[in-house]
């Protein structure tokens, strides 16, 4: 049910997406364009902390990842002891594909055999093979956390530039506050699969704590500054309007009701802990959500709301002089999960597309022990085709290893054919 909930949230809020294109391991969705559920992340764990955990408890000295532009890279983290309330991590990345290419180019077809250890060692001194990231997390108070990170890339032929980020978390009794700033900030466009760098982006997010049933709210203020540029790839794609400079605000209130239609009460094996505590009971459940949202945008980015509201003018207001737009919307969703075992005018195609519900499909099959195979994919209708054929939208394939000792945590190795990306990461409470 949590996975389906993220698919719903992704239509309203810009969830982070996992990506190996940067050391941070994450990119924010372009506003207004939801991400596939297999890439979006729920409970967040900073990328260096993921690698540190796997090194310590999963005997993984290096973590591999793959992108079309960088090829195969390997990463390792060095923990720097500071104090009980202050931790620091140094993340290093080595470009394996570029190293092997250099070895072959400088030594001919049999480069490995013609070179001695000294000449091969000199190749390791090439700074363009490396990327370095530093992150520091400070527990200011029991309820306040500050995270600072900085990444440097030494490949001069790469479009990567130094990236910095600061995130502040505060826990209130009934809601959470997050303030984050990044320069530049990385965004991903779901429709085209392109990545964009915004010189400076800042967001303030206030959300009530998630409830199984009841009233909840979410407030978000977002500011972009500077002209966005395409990150890697040929600069031919059109810049999404929502990434232009401007300030946007969004608030939403919703009521959610979860119902257990049936849940097994059979006794579990004694002294045997389930691989995933959220998948320990066979059940049939349903969830319904209804709510309303209000969005306001000021600046060049307000064009995006104008495009979204062209078919719902009675719910929108636009002032071209002030470059401002106001858009109201209502939304509803119904989710259904079932687990067996312990693991008036003829509408235009665009109008039909706007009112059609978003469908996400997640299939998971246990392979052996804690290992399982999962496929996450959106299901879309091709309205450009007269037959309106149904097709898969951005499938993501993953092999998961459940960490039994942590109740509900897993190591995930996933591959996205759409983005041509592969990554290994650690995820908590995701089932």
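Numbering (our numbering), first residue to last: 6 to 436. Note that CB positions come from ideal geometry on N, CA and C, so glycine has one too. Just so you know, these numbers come straight off a predicted model, no measurement behind them.
**Message:** With H, G and I counted as helix, E and B as strand and the rest as coil, what does DSSP make of residue 116?
**Reply:** Against the chain shown, residue 116 aligns to sequence position 111. At residue 116 the pLDDT is 47, less than 50, meaning the model places this residue with poor confidence and gives no usable figure here.
**Request:** Would you kindly check if the distance between the Cβ of residue 340 and the Cβ of residue 291 is under 9 Å?
**Result:** Residue 291 sits at position 286 when you count from the first residue of the chain shown. Residue 340 sits at position 335 when you count from the first residue of the chain shown. Against a cut-off of 9 Å, the Cβ pair of residue 340 and residue 291 comes out as a contact.
**Request:** Taking 8 Å as the threshold, find out whether the region 244 to 252 comes into contact with the region 224 to 236 through three or more Cβ pairs.
**Result:** Contact between the region 244 to 252 and the region 224 to 236 is present, because at least three Cβ pairs lie under 8 Å.
**Asked** When burial is assigned at 16 or more other CB atoms within 10 Å of the CB, is residue 63 buried or exposed?
**Response** The count along the chain shown starts at 1 and reaches residue 63 at position 58. Classification for residue 63: exposed.
**Asked** Secondary structure at residue 198, three-state DSSP: helix, strand or coil?
**Response** On the chain shown, position 193 is the one that residue 198 refers to. Looking at residue 198 - three-state DSSP - the assignment turns out to be coil, as it is neither helix nor strand.
**Request:** Return yes when the Cβ of residue 215 is within less than 9 Å of the Cβ of residue 409, no when it is not.
**Result:** As a first step, residue 409 is located in the chain shown; it is residue number 404 there, counting from the start. As a first step, residue 215 is located in the chain shown; it is residue number 210 there, counting from the start. Using a Cβ distance threshold of 9 Å, residue 409 and residue 215 do not count as a contacting pair.
**Item:** Beta-carbon proximity list for residue 200, same chain, < 8 Å, skipping 5 on both sides
**Value:** Start at 1 with the first residue of the chain shown, and residue 200 comes out as number 195. Excluding the 5 residues flanking it on each side, residue 200 has same chain C-beta neighbours closer than 8 Å at 24, 26, 32, 191, 192, 193, 194, 235, 236, 237, 238, in chain order.
**Prompt:** Rounded to a whole number of angstroms, what is the C-alpha to C-alpha distance between residue 325 and residue 158?
**Reply:** Taking the first residue of the chain shown as 1, we reach residue 325 at position 320. Taking the first residue of the chain shown as 1, we reach residue 158 at position 153. So the alpha carbons of these two residues sit roughly 41 Å apart.
**Request:** Reducing DSSP to helix, strand and coil, say where residue 246 ends up.
**Result:** Your numbering for residue 246 matches position 241 in the chain shown. Secondary structure of residue 246 (DSSP, three-state): helix.
**Message:** Can you check which of these residues, 414, 328, 405, 374, is closest to residue 368 by C-alpha distance?
**Reply:** To locate residue 368, count along the chain shown from 1; it is residue 363. Comparing Cα positions, the closest option is 405.
**Item:** Any C-beta of chain C under 9 Å from that of residue 322
**Value:** Here there is only one protein chain, and chain C is not present.
**Asked** Per DSSP, residue 439 is paired with what?
**Response** As displayed, the chain neither begins before 6 nor continues past 436, which places residue 439 out of reach and without an answer.
**Asked** What number of angstroms, rounded off, separates the C-alpha of residue 116 from the C-alpha of residue 128?
**Response** Position 111 of the chain shown, counted from the first residue, corresponds to residue 116. Position 123 of the chain shown, counted from the first residue, corresponds to residue 128. Any reading at residue 116 needs caution, since the residue's pLDDT is 47, under 50, leaving its predicted position unreliable; the model's value is listed next. Looking at the two C-alpha atoms, the distance is approximately 12 Å.
**Request:** Hey, could you find the ends of the alpha helix (DSSP H) residue 128 is sitting in?
**Result:** The residue given as residue 128 occupies position 123 in the chain shown. First-last of the alpha helix (DSSP H) with residue 128: 122 to 128.
**Request:** Could you pull out every residue in the same chain whose Cβ sits closer than 6 Å to the Cβ of residue 171, ignoring the five residues on either side in sequence?
**Result:** Here residue 171 corresponds to residue number 166 of the chain shown, with the count starting at 1. Cβ within range, chain order: 153, 186.
**Request:** Evaluate the contact criterion for the region 414 to 425 versus the region 285 to 305: three or more CB pairs, one atom per stretch, below 8 Å.
**Result:** Result no; under three Cβ-Cβ pairs closer than 8 Å.
**Asked** Would you report the Cα separation of residue 82 and residue 183, rounded to the nearest angstrom?
**Response** Start at 1 with the first residue of the chain shown, and residue 82 comes out as number 77. Start at 1 with the first residue of the chain shown, and residue 183 comes out as number 178. If I take the Cα positions, the gap works out to 26 Å.
**Prompt:** DSSP three-state call for residue 29: helix, strand or coil?
**Reply:** Counted from its first residue, the chain shown places residue 29 at position 24. Three-state DSSP puts residue 29 in coil, outside helix and strand.
**Request:** Report the residue from 305, 266, 331, 285 whose alpha carbon sits nearest the alpha carbon of residue 298.
**Result:** Reading the chain shown from its first residue, position 293 is the one you call residue 298. Taking only the C-alpha atoms, the option nearest residue 298 is 331.
**Request:** Report yes if the CB atom of residue 283 is closer than 9 Å to the CB atom of residue 413, and no otherwise.
**Result:** Taking the first residue of the chain shown as 1, we reach residue 283 at position 278. Taking the first residue of the chain shown as 1, we reach residue 413 at position 408. Going by beta carbons, residue 283 and residue 413 fall inside the 9 Å limit.
**Asked** Cβ atoms of residue 99 and residue 71: under 9 Å apart, would you say?
**Response** Locating residue 71 in the chain shown gives position 66, where the first residue counts as 1. Locating residue 99 in the chain shown gives position 94, where the first residue counts as 1. For the pair residue 71 and residue 99, the CB atoms are not nearer than the 9 Å cut-off.
**Prompt:** Comparing alpha-carbon positions, which option in 363, 105, 97 lies nearest residue 137?
**Reply:** Sequence index remark: in the chain shown, residue 137 carries index 132 (1-based). Of the candidates 363, 105, 97, the one whose C-alpha sits nearest the C-alpha of residue 137 is 97.
**Prompt:** So what's residue 59 in DSSP terms, helix, strand or just coil?
**Reply:** As a position in the chain shown, residue 59 is number 54, starting the count at 1. Of the three classes helix, strand and coil, the one that applies to residue 59 here is helix, per DSSP.
**Request:** Under 8 Å by Cβ, that's how I've got residue 30 and residue 61 pegged, so tell me the actual separation to the nearest angstrom.
**Result:** Counted from its first residue, the chain shown places residue 30 at position 25. Counted from its first residue, the chain shown places residue 61 at position 56. Residue 30 to residue 61, Cβ: 18 Å. No contact.
**Asked** What is the rounded straight-line gap between the Cα of residue 179 and the Cα of residue 217?
**Response** As a working note, residue 179 is residue 174 in the chain shown. As a working note, residue 217 is residue 212 in the chain shown. For residue 179 and residue 217, the gap between their C-alpha atoms comes out near 14 Å.
**Prompt:** How should residue 220 be labelled, buried or exposed, when 16 other C-beta atoms within 10 angstroms of its C-beta is the threshold for buried?
**Reply:** Taking the chain shown and counting its residues from 1, one reaches residue 220 at position 215. With fewer than 16 other beta carbons inside 10 angstroms of its own, residue 220 counts as exposed.
**Item:** For residue 133, the nearest candidate out of 102, 149, 124, 434 (CA to CA)
**Value:** On the chain shown, position 128 is the one that residue 133 refers to. Taking only the C-alpha atoms, the option nearest residue 133 is 102.
**Item:** Which of helix, strand or coil DSSP assigns to residue 229
**Value:** For this step, residue 229 is matched to residue 224 along the chain shown. Strand at residue 229.
**Asked** For residue 251, does the three-state DSSP call read helix, strand or coil?
**Response** In the chain shown, residue 251 corresponds to position 246, counting from 1. When DSSP states are grouped into helix, strand and coil, residue 251 belongs to the strand group.
**Item:** Cutoff 7 Å; reference residue 114; Cβ partners in own chain excluding five residues on either side
**Value:** For the purposes of this step, residue 114 is identified with residue 109 of the chain shown, where counting begins at 1. Bear in mind that the predicted position of residue 114 carries a pLDDT of just 49, short of 50, making it too unreliable to give a figure here.
**Prompt:** How should residue 90 be labelled, buried or exposed, when 16 other C-beta atoms within 10 angstroms of its C-beta is the threshold for buried?
**Reply:** For the purposes of this step, residue 90 is taken as the residue at position 85 of the chain shown. That one is exposed.
**Item:** Cβ shell of residue 244 (< 6 Å), same chain only, five flanking positions each side left out
**Value:** In the chain shown, the residue the question calls residue 244 occupies position 239. If you ignore the 5 residues before and after residue 244, its C-beta comes within less than 6 Å of the C-beta of 233, all in its own chain and listed in chain order.
**Asked** Considering residue 374, what are the terminal residues of the beta strand (DSSP E) in which it resides?
**Response** What you label residue 374 is simply residue 369 of the chain shown in a count that begins at 1. Unbroken run through residue 374: none, as it is neither H nor E.
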